[in-house]
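Asks: In terms of my numbering, the sequence shown opens at residue 105 and continues consecutively.
Have a look at this one.
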Amino acid sequence: MALYEQVCIARQELSNTQVERLSEDIEGILSDKGGSVLYKEYWGARKLAYAIKKNRRGHYLFFRLDSPPEAVIELERRLRLNEDILRYLTTKVDKHSEEPTPILASKQVN
């Protein structure tokens with residue numbers, strides 16, 4: 105299986121419970137196809153650099169995935185169809201970093 109990192113931006117109108125349910129849906133899609141979420145972070149509702157679908161803010165989610173390519177293709181297909189997702193980016197990595205993400209590290213310093 106391959107290693108991936110993914111960032112999703114969800115609509116600002118979603119509540120925290122809806123964002124958590126969205127995160128669980130992502131985990132469910134991957135597990136159905138033989139993949140898994142190794143690590144996830146909620147980065148909070150942050151201001152966007154520019155408006156996306158009339159949204160100025162969005163809920164940011166970060167995932168580290170261990171999954172076959174077919175599962176990632178299916179996940180991206182479903183994210184495209186989900187109206188609550190504004191943007192997503194999935195990148196293939198050689199190995200996952202053990203350090204916290206820069207967003208989480210900056211929150212811990214403050």
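From the three backbone atoms N, C-alpha and C, an ideal C-beta is built for every residue, glycine too.
1) DSSP on H140, reduced to helix/strand/coil?
2) E128 to T121, Cα distance in whole Å?
3) Does the separation of the CB atoms of K196 and L107 fall below 9 Å?
4) Provide the residue(s) that pair with T195 in DSSP beta bridges, ordered along the chain.
5) Counting C-beta neighbours from all protein chains within 10 Å, is the total for R115 16 or more, i.e. buried, or is it exposed?
Replies: Working from what's here:
1) Strictly speaking, residue 140 in this sequence is Ser, with His absent from that position. S140 falls in the strand class under three-state DSSP.
2) 10 Å
3) yes
4) E109
5) buried
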